[in-house]
Structure formats: structure tokens, C-alpha cells
Amino acid sequence: MTDNAKQKGSNTQAGKFNLADRLPDVKSHLIFWPVVIAGVAADLWTKTAVFEWLAKRPDHEYAVIDGIFTLVRRVNPGAAFSMASGRRGMLLTISFVALVAVIVYFLFGRIKSRLMQLGLALFTAGIIGNLYDRLFNDGYVRDFIDIHWKEVYHWPAFNVADSMLCIAVGLLIISNFTSASSQTPDPQQKPER
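Note that the numbering used here numbers the sequence shown so that position 118 is 116, with each residue one more than the last.
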């Protein structure tokens, strides 16, 4: 056993905190940060491009698939489904606290699951995309994806950041189920002594 390995083992056994043991490996950073940057860039670019393009159209809309999928120019002063509408300070605070919490969890949570790392990266990108809008668009978030079924069903308009947040939640749920099932002991296997 090398001196470093002995030292590392003795620190763990003595209950001492070793920061290097808690930080993510290089591969984790190579998943997390590029996904965050690409996600934020995709969100902000699509919002800007679609809003500028639709501003030139007389009705400010474009039916991609008639009766199902339309590009629109909407601003949302609240959170999902316009909840907490007009409560900019509260929404900014919640967004900022969530952003810090997710990044701290990524950095110090000893996350080994690549799926969970991807989920956290998408969650971070989604938070940043909508936080940017709240900060620089008078508290409004720009939404442009409008899904509906003729006149029967209509989902509130959303954006790429919202999509990343939803996908992230799905990935985090799947990651928790898969990691929990991989940690469940095999009933056929005898416990180690």
C-alpha cells in the first residue's frame, strides 16, 4: 500500500474530512459543465431567435404543425403555469437558491451516477436560462413553444429551459430508481462478515 493510500485510509477511518474525496472526478466535470453551457446557450439563442423572427410576422405566430404545434411570443411573469405571477423577488430568490443548491450538490454530493450528473446539469441549465430572463426582461420569462390539440386541449406555452427542467426531473427520478435497485442486496447472497 502506498503512503498516499495509507494516509487516505487513515483519514477516512479517523473520521477526518478530506475534500479531495468529496469532489467530482474529471469525467463528471466533463459531463456537467459542457451540458450546462450548451443548454443555457440553446435556451437563450432559441428565445432570442424565435422572438425576433416572430416580431416580423403580422400575427406574431407561426404554425409549425397546424392545430398542434405553434411558435408564439409569450411572456410569463410567474413560474410554471404562471404560478406566483408578478412575484419577481420571490421567484428570483427561489431560482438563485435552487441554482446554488444544485451546484453545491453536484460538487460535494459524491454523485457517481452519470445519469444523475446529466440530470443535474440539465436542471442547472434550465434554472440559469429562466433566471437570466427574470433578471434581464423585467421579471418576465420568454416562452415560445405552444402545444395544443385543435380546440380541445391547450398546454401553456413554454421554452427550452422549461423542457430541460422537465427532462432533468425525469432523469433524476430514473437515476434514483436505478441506483436504489443496484444497491438492493441480493437475497441469495450471504452477508459479509
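In this text, a Cβ means the ideal position worked out from N, Cα and C, and glycines have one as well.
Reducing DSSP to helix, strand and coil, say where E149 ends up.
In the structure shown, E149 adopts coil according to DSSP, grouped into three states.
Tell me which residue opens and which closes the beta strand (DSSP E) that A61 is part of.
Taken as a continuous stretch (DSSP letters only), the beta strand (DSSP E) holding A61 covers 59 to 63.
Alpha carbon to alpha carbon, what distance is there between R108 and G87?
Spanning the two alpha carbons is a distance of roughly 32 Å.
Which term fits G168, buried or exposed, when burial requires 16 or more other beta carbons within 10 angstroms of its beta carbon?
Under this definition G168 is an exposed residue.
Starting from R195, follow the alpha helix (DSSP H) in both directions and report where the run begins and ends.
No answer is possible for residue 195: it lies beyond the span of the chain, which begins at -1 and ends at 191.
Hey, which unbroken runs of the alpha helix (DSSP H) at 4 residues or more fall wholly within the segment 61 to 111?
86 to 106, all fully within the segment 61 to 111.
Looking only at its own chain, which residues have a Cβ that is under 8 Å from the Cβ of S89, when we skip the five neighbours before and after it?
The sequence given here has Leu at residue 89, not Ser. A distance below 8 Å between beta-carbons, with the five flanking residues on each side excluded, links L89 to the following residues of its chain, in chain order: G76, A77, A82, R132, G137.
Looking at A155: is its Cβ nearer than 8 Å to the Cβ of D41?
Result no, Cβ atoms of A155 and D41 do not sit closer than 8 Å.
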